[in-house]
Amino acid sequence: MDTFLQQLINGLTTGSVYAIVALGYTMVYGVIQLINFAHGEVVMIGAMVAFSVIMALVGAGTGLPPALVVLLGVLAAVPVCMAIGYALERLAYRPLRHAPRLAPLITAIGMSIILQHLALLIWGRDPRAFPQILENASFAIGGAAISTVQIAIILLSLLMMAGLTWFVHRTKFGIAIRATAEDVRVAALMGIDANRVIAATFVIGAALGAVAGVMVGTYYGIAHYTMGFVLGLKAFSAAVLGGIGNLAGAMLGGIVLGLVEALGTGYISEISDLCQWPLVGELLTERCAAEGHVILFGSNYQDVFAFLVLILVLVFRPSGLLGERVAERA
Amino acid sequence: MKRQTLGLAIVALALLALPLVLTQIGTAWVRIANLAILFIFLSLGLNIVVGMAGLLDLGYVAFYAVGAYTWALLASPHFDLHLPFWVILPLGALFACIAGAVLGAPTLRLRGDYLAIVTLGFGEIVRIFMNNLSAPFNITNGPKGITRIDGMRIGDFNFTQTDTLLGIAFTGPAKYYYLLLLLLLGVIVVNLRLQNSRIGRAWVAIREDEIAAKAVGINTRNVKLLAFAMGASFGGIAGGMFAAMQGFVSPESFVLNESIMILAMIVLGGMGNVWGVIAGALLLSFVPEFLRYSVEPLQRAVFGRMLIDPEVLRMLLFGIALVLTMRFRPAGLWPEKRHQREMSQALEGTGA
């Protein structure tokens with residue numbers, strides 16, 4: 014099997030999901046310059062709601078085609094998450110718009126604790142196995158395999174990215190969002206209702222997040238009340254990587270992060286096998302002979318890559334890959 | 011003035027008598043008090059970074075972990091090392107300080123949310139390493155953690171056994187309590203002295219306006235690094251005490267939630283104000299414990315059965331409390347005077 018091509022495909026899949034979640038962070042940040050710290054939990058709730066709906070439909074034996082069942086799960090998850098996104102803005106962000114910057118961060122942390130533990134109450138402490146109803150056929154391309162679920166995730170993500178880009182650039186409301194991101198006061202003078210625009214970015218981000226949650230659930234076959242945390246963190250890293258506040262940046266950042274993570278995980282064990290190293294290998298001859306490999310860093314270091322990339326990018330290019338400006342005054 | 015002295019004496023007496031009273035209720039409560047002091051210690055350390063210098067650090071728990079693992083590795087059967095405390099504790103502080111500088115150096119140019127997310131990532135990296143450095147060479151023993159860590163021992167004075175003095179039995183946790191109280195006194199004095207020192211004022215200047223601070227001749231790079239390093243060393247000391255007190259460390263004690271908890275203590279109490287931070291830390295240490303013991307009987311009394319797992323309910327109430335406090339007191343419960351002034355001015359400004 015071709016490791017490189019395989020990891021490329023895997024990276025593209027997870028990268029698309031990161032990109033979709035990252036769009037939620039970047040849209041909110043673009044408009045109010047604050048991190049929506051609870052966005053990861055919204056994604057988790059999306060996965061959980063879809064899980065319940067799919068389980069109910071499968072359990073009832075409706076005989077609907079599997080793709081339709083998953084679609085119904087998504088259709089249920091999206092409005093729930095949109096409502097949560099709206100509630101987040103109203104409860105945690107709007108009342109604190111003129112407060113010190115740390116205050117909304119704390120309310121957002123509070124909201125994410127609340128969401129996480131509500132999910133724990135409703136769906137329990139154990140990971141829930143997503144029913145594998147979609148027929149998951151594999152296609153071979155050049156020594157690697159790509160599954161239907163992976164194809165669906167990549168295509169759906171591209172579709173959503175294209176849709177959002179169209180919405181933001183071609184519709185009147187999209188123009189209002191961009192104007193608000195540019196300058197809230199001037200936008201308000203032009204007759205744009207800033208409150209509505211800000212709430213809309215939360216709601217749109219949450220809708221995208223809901224779809225991403227279902228994609229993660231079907232891809233890994235599992236949903237857990239803590240899954241939003243790491244996912245959200247990586248997606249935020251992706252948004253920063255691409256240049257926060259920039260939609261195209263979030264998409265690029267997500268894909269790049271997914272690829273780096275997949276390729277890093279694919280090759281790290283090989284690279285850090287001490288037996289292959291010139292000097293160190295000789296010191297360990299006995300162990301190498303006995304065990305074959307002495308791997309310093311295995312694939313369990315997967316999560317480190319995202320953060321390392323983030324730190325490196327911020328150190329060398331603080332405004333991200335596509336970011337134009339870093340506000341002088343935080 | 012006289013009344014103030016009297017009040018101080020009463021508080022001091024109460025603090026000294028507290029473990030003896032708590033021992034009567036149950037040694038568990040002495041342990042809770044010890045952890046509370048440890049958290050006050052930690053939040054005062056983080057207060058230097060976040061409250062004074064205004065650098066939002068979401069990975070503070072990493073330094074706490076460095077201190078704890080330093081103690082755990084140098085004073086346990088794991089490597090069969092049993093170094094005395096006066097070697098390990100400063101060493102833990104030093105390592106944490108170095109870690110702080112390592113984190114601080116590349117992130118000095120970042121500000122606000124970018125800094126927050128990088129420090130958060132740093133904390134996670136440290137935790138992942140602790141979790142996985144058990145193969146191929148077993149350094150941290152992975153998720154299982156390190157057990158049977160040596161307790162504190164100063165000469166012949168052992169902190170793990172009960173001693174009787176003047177007919178009063180002092181249990182191990184009670185002895186730790188007095189030691190922690192002493193350390194806490196130290197960190198409070200340092201915080202108070204820093205507040206109006208040259209460095210402290212430089213930090214505040216950077217917090218309020220970095221460009222202006224630079225313009226008046228503050229070496230912002232060094233001063234910021236100093237804040238990181240100093241906050242980190244306090245974290246390291248607290249970590250060492252934690253390892254000695256618990257006798258067991260594992261990566262699970264150093265998750266992001268701990269960082270958030272410590273940050274919440276500072277923000278809730280009132281950033282930058284030493285007494286506010288102490289109050290916030292006390293509040294967030296004890297309220298969850300009281301809830302832990304009161305939520306279950308309360309539910310049984312009201313509903314006749316357990317409706318919600320107390321642990322979950324505790325966290326739910328915690329989340330709600332965070333949201334409500336920030337909603338109604340965005341500068342914290344007991345804000346620093348300077349902050350308070352700014353807040354009222356800011357509100358007047360936007361109200362017009």
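Which chain is which? The protein sequence lines are A and B, in order.
If you're matching positions, the first sequence starts at 14 in the working numbering and goes up one per residue.
If you're matching positions, the second sequence starts at 11 in the working numbering and goes up one per residue.
In this text, a Cβ means the ideal position worked out from N, Cα and C, and glycines have one as well.
What you are looking at is a predicted structure, and each value in this text was computed from that prediction instead of being measured.
The beta carbon of V253 of chain A falls within 8 Å of a beta carbon belonging to chain B, placing the residue at that interface. Using a Cβ distance threshold of 8 Å, I247 of chain B and L99 of chain B count as a contacting pair. Taking CB atoms only, F320 of chain A has a neighbour in chain B less than 8 Å away. When rounded, the separation of the alpha-carbon atoms in T230 of chain B and F17 of chain A is 45 Å. Note: S151 of chain A is bridge-paired with A:S160 in the DSSP secondary-structure output. Using a Cβ-Cβ cut-off of 8 Å, Y124 of chain B counts as an interface residue toward chain A, since at least one Cβ of chain A sits closer than that to its own. The segment 202-209 of chain B makes no contact with the segment 37-46 of chain B: fewer than 3 CB pairs, one atom from each, lie closer than 8 Å. V259 of chain B sits in a strand when the DSSP states are folded into three classes. Under the criterion of beta carbons closer than 8 Å, M281 of chain B and E346 of chain B qualify as touching, at roughly 7 Å. Counting along the chain, C94 of chain A sits inside the alpha helix (DSSP H) bounded by residues 79-101.
Within the DSSP secondary-structure output, L91 of chain B pairs in a beta bridge with B:S86. Our two residues, L131 of chain A and G329 of chain B, have alpha carbons roughly 11 Å apart in a direct line. Residue state for I308 of chain A is assigned as strand, using DSSP reduced to three classes. Counting only runs of at least 3 residues, the segment 154-227 of chain B fully encloses the following beta strand (DSSP E) elements, listed from N- to C-terminal order: 173-175, 178-180. Of all C-beta pairs linking the segment 220-233 of chain A to the segment 104-121 of chain A, fewer than three are shorter than 8 Å, placing the two stretches out of contact. Within 7 Å of the CB of N313 of chain A, the CB atoms of chain B belong to N142, in sequence order along the chain.
Note on geometry: alpha-carbon atoms of D316 of chain A and G266 of chain A lie some 16 Å from one another. No Cβ-Cβ contact shorter than 8 Å links A194 of chain A with A121 of chain A.
Annotation: the segment 37-80 of chain B contains the following complete segments of the alpha helix (DSSP H) (minimum length 4 residues), in chain order: 37-56.
For A19 of chain B, the enclosing alpha helix (DSSP H) stretches over residues 12-35.
Between the segment 102-116 of chain B and the segment 247-259 of chain B, the count of C-beta pairs closer than 8 Å reaches three or more; the two stretches touch. Any Cβ of chain A closer than 8 Å to the Cβ of F264 of chain B would place that residue at the interface, and such an atom is absent. In the three-state reduction of the DSSP assignment, A112 of chain A falls in the coil class, being assigned neither a helical nor a strand state. Of all residues in the segment 275-291 of chain B, the ones placed with a Cβ closer than 8 Å to any Cβ belonging to chain A are V277, L278, M281, in chain order.
Scanning chain B for C-beta atoms nearer than 7 Å to the C-beta of V307 of chain A yields P146, reported in chain order.
Any Cβ of chain A closer than 8 Å to the Cβ of A242 of chain B would place that residue at the interface, and such an atom is absent. By the criterion of a C-beta distance shorter than 7 Å, Y232 of chain A is surrounded in its chain by T26, V162, I166, once the five residues flanking it on both sides are discounted. Bounds of any alpha helix (DSSP H) do not take in F143 of chain A, whose DSSP letter is neither H nor E.
Three or more Cβ pairs drawn from the segment 126-133 of chain B and the segment 256-276 of chain B lie within less than 8 Å of each other, which places the two stretches in contact. Around the beta carbon of I221 of chain B, fewer than 16 other beta carbons sit within 10 angstroms, so the residue counts as exposed. Boundaries of the alpha helix (DSSP H) around W285 of chain B: 284-313.
Judged by DSSP in its simplified three-state form, D206 of chain A adopts coil rather than helix or strand. For R119 of chain B, the nearest CB of chain A lies under 8 Å from its own CB, placing it at the interface with that chain. Of all residues in the segment 206-229 of chain A, none places a beta-carbon less than 8 Å from a beta-carbon of chain B. About 7 Å separates the beta carbon of G64 of chain B from that of I216 of chain B, a gap short enough to meet the 8 Å contact definition.
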